[in-house]
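Colleague: Under numbering that gives the first Met the number 0, the first residue of the sequence shown carries the number 0, and numbering increases by one thereafter. Virtual Cβ for every residue (Gly too), placed ideally from N, Cα, C. Let me begin by handing over the structure; questions about it come next.
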Amino acid sequence: MDIIGKLWLKFKRRPDIWLFYAFLAVFPLSVRKVVYFIPIRGGYNEFTGISIYVSDILLVAFLSSWLIVLCNNKECLSINSISDFSWKLARKMFHVEHFFLQSKDEAIKLYTQVIHNKLLLFPFVLVFFSFLSTIWSAEKLLAIFRSFKLLEFSLLYVYLWINVPRGTFLKSTLKVIIFTGIAHGLLGIAQFIKQSSIGLFWLKESILSQGMTGIAKIVLNGDIYIRSYGLFPHPNILGGFLLLSLLCTFMYIKLFHVEQFNGEKKSEAVALAKMFHVEHCVKKPVFISLIVIIQIMALFLTFSKSAIFGLFVAIIYIVSKYFSINVPRGTFKWSKRGAWIKFLLVVGIFIATMFILKPEYYSLIGRSVEDRIGYLNVSRGTFFANPILGIGSGQYVNNLLNVKGTLDWQYQPVHNVFLLILNELGLIGLALFIVLLFKLFHVEQFNKDNAVNCSTWNNDLNNRSANVPRGTITDMEGMVYLRAILIGFLFIMLFDHYLWDIQQGQIMFWLVAGLLIGSSRQEVREICIDKSI
Numbered sequence: 000m001d002i003i004g005k006l007w008l009k010f011k012r013r014p015d016i017w018l019f020y021a022f023l024a025v026f027p028l029s030v031r032k033v034v035y036f037i038p039i040r041g042g043y044n045e046f047t048g049i050s051i052y053v054s055d056i057l058l059v060a061f062l063s064s065w066l067i068v069l070c071n072n073k074e075c076l077s078i079n080s081i082s083d084f085s086w087k088l089a090r091k092m093f094h095v096e097h098f099f100l101q102s103k104d105e106a107i108k109l110y111t112q113v114i115h116n117k118l119l120l121f122p123f124v125l126v127f128f129s130f131l132s133t134i135w136s137a138e139k140l141l142a143i144f145r146s147f148k149l150l151e152f153s154l155l156y157v158y159l160w161i162n163v164p165r166g167t168f169l170k171s172t173l174k175v176i177i178f179t180g181i182a183h184g185l186l187g188i189a190q191f192i193k194q195s196s197i198g199l200f201w202l203k204e205s206i207l208s209q210g211m212t213g214i215a216k217i218v219l220n221g222d223i224y225i226r227s228y229g230l231f232p233h234p235n236i237l238g239g240f241l242l243l244s245l246l247c248t249f250m251y252i253k254l255f256h257v258e259q260f261n262g263e264k265k266s267e268a269v270a271l272a273k274m275f276h277v278e279h280c281v282k283k284p285v286f287i288s289l290i291v292i293i294q295i296m297a298l299f300l301t302f303s304k305s306a307i308f309g310l311f312v313a314i315i316y317i318v319s320k321y322f323s324i325n326v327p328r329g330t331f332k333w334s335k336r337g338a339w340i341k342f343l344l345v346v347g348i349f350i351a352t353m354f355i356l357k358p359e360y361y362s363l364i365g366r367s368v369e370d371r372i373g374y375l376n377v378s379r380g381t382f383f384a385n386p387i388l389g390i391g392s393g394q395y396v397n398n399l400l401n402v403k404g405t406l407d408w409q410y411q412p413v414h415n416v417f418l419l420i421l422n423e424l425g426l427i428g429l430a431l432f433i434v435l436l437f438k439l440f441h442v443e444q445f446n447k448d449n450a451v452n453c454s455t456w457n458n459d460l461n462n463r464s465a466n467v468p469r470g471t472i473t474d475m476e477g478m479v480y481l482r483a484i485l486i487g488f489l490f491i492m493l494f495d496h497y498l499w500d501i502q503q504g505q506i507m508f509w510l511v512a513g514l515l516i517g518s519s520r521q522e523v524r525e526i527c528i529d530k531s532i
């Protein structure tokens, strides 16, 4: 009961954070209610429908509770501490005169922070243009819905910017992602072994069977196998999530085994074991390997080429960048060489596995290439017809009804995020998105520019640590890993569309973008403090 009481007190102080963790745990699920859809050839199509997911409900819940906290405690806007939410203040909120005075004051402070930060402003410029595209969209209701989805995830982006620099928020967020990755990895492995669904239909697990059509399959050594789905709607999306969870696992190990800064260099197995409260398992070095192997094995069993090669690209980036940060003199050469050896070993194992399994070329690559060439041809014609403004947000698949000779299975978006944005929002929308990506990769530059006129209205100048442990987001390792994840996602964007127009993929992209700018915000805090001393 004492544990329950403590958890309840923590929930009362910051309910939004606990709801956010619940959101992270359930967003992979396809539990939803379809409220409207435009029939394609007389049937339902994922990309012309309007659905409310359980993750939407939780997202609105934690954003709403966060706004209530903001209205009642100005410390929530402080970068230095996590505020204690008081229920007395919550009761005062219902005195209308107090509510408007407080909410107006806090709203002005939040507005000032947002309006002077280009990194926060650009997503909302993209949102505005998406809403504007409703004017020339054929299906206006669908365009409005897609625009609201973009607004929803932009608010998630801002929420992370505000909260990531505080205390253990980033650490706990990584834990939830890793736990979720392991769970879906185990489920995906079980599905591949069983070659059918596990039976979690109440969690909207996809119905899988070798005899069913429309199921993602692969031909290995002459036999047909179902690819791993987890609880995601498609193996490719599970692959993208496992890329995220794997790199978050490596990031957690590097950032939070802080004993190394005290001169007590401990193994990474010890750090990860402590995270799962199984320190006794560290005597068996199998533990650390097991956590990683589960996710890697599940990733390979998705046979998602874009996710697998995206992971390789991300690891290459980490190897090339990470070991130049805080590496003791004289050890850089050997550390980097060891990392390259490990990476090449993994690549060699992957290539050897492909030779052993002997996947059929057409099922592995040929079919995907043919499909994507077909989508590109349609995309090219759509772009030339509407080059500047596009056809409107969320209109791509519905527009295929005007293309003669389109088969039922071809009513899908073009498998390239940049071309999809180009078709729906034109050159203007694509330019806005590319500028946003550019800013995410140069986040320190823009944060320093914003820090020139930074405010110290609520900074505790005597507490420079601000409850952020050494070895967490104050170091540059975190930025390297988050950029690596974003690079992996950019690779996926070249060959798939789910990071832009499917619920789970959209959340993954905006989650990483928000973590990236939130982690970099720590640097602005230190610049502001230095100027005030």
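Quick check: is any heavy atom of the ligand GTP less than 7 Å from the C-beta of L131?
Modeller: Although the ligand GTP was asked about, the structure shown includes no ligands whatsoever.
Colleague: Classify L399 as buried or exposed, calling it buried when 16 or more other Cβ atoms lie within 10 Å of its own Cβ.
Modeller: buried
Colleague: Which partner residues of F36 appear in the DSSP bridge assignment?
Modeller: G48
Colleague: If we count the other Cβ atoms within 10 Å of its Cβ and call it buried at 16 or more, is I317 buried or exposed?
Modeller: buried
Colleague: Would you mind working out which of Y35, L241 and I16 sits nearest S63, comparing C-alpha positions?
Modeller: I16
Colleague: Alpha carbon to alpha carbon, how far is V163 from V175?
Modeller: 14 Å
Colleague: Grab me the residues of L141's own chain with a C-beta within less than 6 Å of its C-beta, minus the 5 sequence neighbours each way, in chain order.
Modeller: G393
Colleague: Inspect the beta-carbon positions of A60 and L18 and report whether they are closer than 8 Å.
Modeller: Cβ atoms of A60 and L18: closer than 8 Å.
Colleague: Could you compute how far the alpha carbon of I506 sits from the alpha carbon of K9?
Modeller: 26 Å
Colleague: Decide if Q190 is buried, meaning its Cβ has at least 16 other Cβ atoms within 10 Å, or exposed.
Modeller: Residue burial is scored here from C-beta neighbours: Q190 has at least 16 other C-beta atoms within 10 angstroms and is therefore classed as buried.
Colleague: Measure the C-alpha to C-alpha separation of F127 and F231 and round it to an integer number of angstroms.
Modeller: 30 Å
Colleague: Give the range of the alpha helix (DSSP H) segment to which Y480 is assigned.
Modeller: E476 to M492
Colleague: Could you give the distance in angstroms between the alpha-carbon of Y228 and the alpha-carbon of G187?
Modeller: If you draw a straight line from the Cα of Y228 to the Cα of G187, it comes to about 6 Å.
Colleague: Thinking C-beta only, is G477 closer than 8 Å to E423?
Modeller: Not in contact: E423 and G477 (Cβ atoms no closer than 8 Å).
Colleague: From A512 to G428, what does the alpha carbon distance come to, in whole angstroms?
Modeller: Roughly 18 Å separates the two Cα atoms.
Colleague: With a Cβ-Cβ cutoff of 8 Å, do L125 and L149 count as a contact?
Modeller: Yes, the Cβ-Cβ distance between L125 and L149 is below 8 Å.
Colleague: Using 8 Å for Cβ pairs, my map puts F490 next to F308. What's the rounded Cβ distance?
Modeller: 7 Å
Colleague: For L199, does the three-state DSSP call read helix, strand or coil?
Modeller: coil
Colleague: Helix, strand or coil for L388, going by three-state DSSP, please let me know.
Modeller: In the structure shown, L388 sits in coil (DSSP, three-state: anything other than H, G, I, E or B).
Colleague: Note down the Cα distance separating G221 from S195, rounded to an integer number of angstroms.
Modeller: 19 Å
Colleague: If you draw a straight line from the alpha carbon of N385 to that of V413, how long is it in whole angstroms?
Modeller: 16 Å
Colleague: Exposed or buried, F302, counting other C-beta atoms within 10 Å across all chains shown (16 or more means buried)?
Modeller: buried
Colleague: When DSSP labels each residue in this structure, what does Y224 get in the three-state scheme?
Modeller: strand
Colleague: Taking 7 Å as the limit between beta carbons, can you name the residues of its chain near V402, skipping five residues before and five after?
Modeller: V377
Colleague: Which of helix, strand or coil does DSSP assign to I501?
Modeller: I501 carries a coil assignment under DSSP once its states are collapsed to helix, strand and coil.
Colleague: Mapping the DSSP letters down to three states, classify L230 as helix, strand or coil.
Modeller: coil
Colleague: Determine the extent of the beta strand (DSSP E) in which V541 is found, giving its start and end residues.
Modeller: The question about residue 541 has no answer here: the residues shown for the chain are numbered 0 through 532.
Colleague: Please list the terminal residues of the continuous alpha helix (DSSP H) segment that includes A430.
Modeller: Counting along the chain, the unbroken alpha helix (DSSP H) around A430 starts and ends at V416 to F440.
Colleague: Going by other Cβ atoms of all chains shown within 10 Å of its Cβ, with 16 needed for buried, is F249 buried or exposed?
Modeller: buried
Colleague: To the nearest whole angstrom, what separates the beta carbons of I293 and I181, a pair I think is in contact under 8 Å?
Modeller: Yes, I293 and I181 are in contact; Cβ-Cβ is about 6 Å, under 8 Å.
Colleague: Judging by CA-CA distance, which residue of F144, Q209 and H233 is the nearest neighbour of I223?
Modeller: Q209
Colleague: Give me the Cβ distance between L310 and L300, rounded to the nearest whole Å; I'm assuming they're in contact under 8 Å.
Modeller: At roughly 14 Å, the Cβ-Cβ gap does not stay under 8 Å, so L310 and L300 are not in contact.
Colleague: Near T381, what residues of its chain come up, given a Cβ to Cβ distance below 6 Å and the 5 sequence neighbours on each side ignored?
Modeller: N422
Colleague: Assuming S54 and V25 make a contact with CB atoms under 8 Å, what is their CB distance in whole Å?
Modeller: 6 Å
Colleague: Hey, how far is the Cα of E74 from the Cα of Q411?
Modeller: Legend: pLDDT at E74 = 47, less than 50; position of this residue unreliable, no value from coordinates given.
Colleague: What's the gap between the Cα of I134 and the Cα of S146?
Modeller: 12 Å
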